[in-house]
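For the sequence shown, position 106 (counting from the first letter as 1) is numbered 899 according to my numbering, and the numbering increases by one without interruption.
Cβ coordinates follow ideal geometry from the N, Cα and C atoms, glycine included.
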Amino acid sequence: MNRAIRIIYAGGIAALVLAAATAAGQEQVRQREQVQQSTQERAGKREIIPGSELMTAAEREDYRRRFAAAKTDPERNRVRSDHVKAMEERASLRGLKLAVPVPPGSGKK
794 MNRAIRIIYA
804 GGIAALVLAA
814 ATAAGQEQVR
824 QREQVQQSTQ
834 ERAGKREIIP
844 GSELMTAAER
854 EDYRRRFAAA
864 KTDPERNRVR
874 SDHVKAMEER
884 ASLRGLKLAV
894 PVPPGSGKK
């Protein structure tokens, strides 16, 4: 009888451990999916920086800050056009041509 109780007790503990592991695994999957979704949403909303391949990380962050600080569409267009001119000059000094970025979902390649 004592042995049967130990077996039942061990089986119950094993079931609890398995249930906890399954729940933890499901939570990890849910969190991973949330991170992937938010990353994709940010990527879809993020400004594609013309000439980013010619910029340092600090320059890209500075551009993002200036672009975000612009309150109206005309201000954002001015920030973007000034930046494109500067990048075209930088590219021509290096003997390169500035690549024209294609926004995601535009259907162009």
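Leaving aside the five residues that flank Leu847 on each side, the residues in its chain whose CB is nearer than 7 Å to its CB run, in chain order, Met880, Arg883, Ala884.
Annotation: Leu891 to Phe860 spans about 20 Å, alpha carbon to alpha carbon. Annotation: Val872 to Glu854 spans about 14 Å, alpha carbon to alpha carbon. Spatial neighbours of Pro843 in its own chain (CB-CB distance under 7 Å, excluding positions within 5 residues in sequence) are listed in chain order as His876, Val877, Met880, Leu891, Pro894. Take the alpha-carbon of Thr849 and the one of Tyr856: they are about 11 Å apart.
Excluding the 5 residues flanking it on each side, Ser845 has same chain C-beta neighbours closer than 7 Å at Arg853, in chain order. In the three-state scheme derived from DSSP, where H, G and I count as helix and E and B as strand, Ala863 is classed as coil. Counting only the Cα atoms, Ile841 lies some 16 Å from Ala862.
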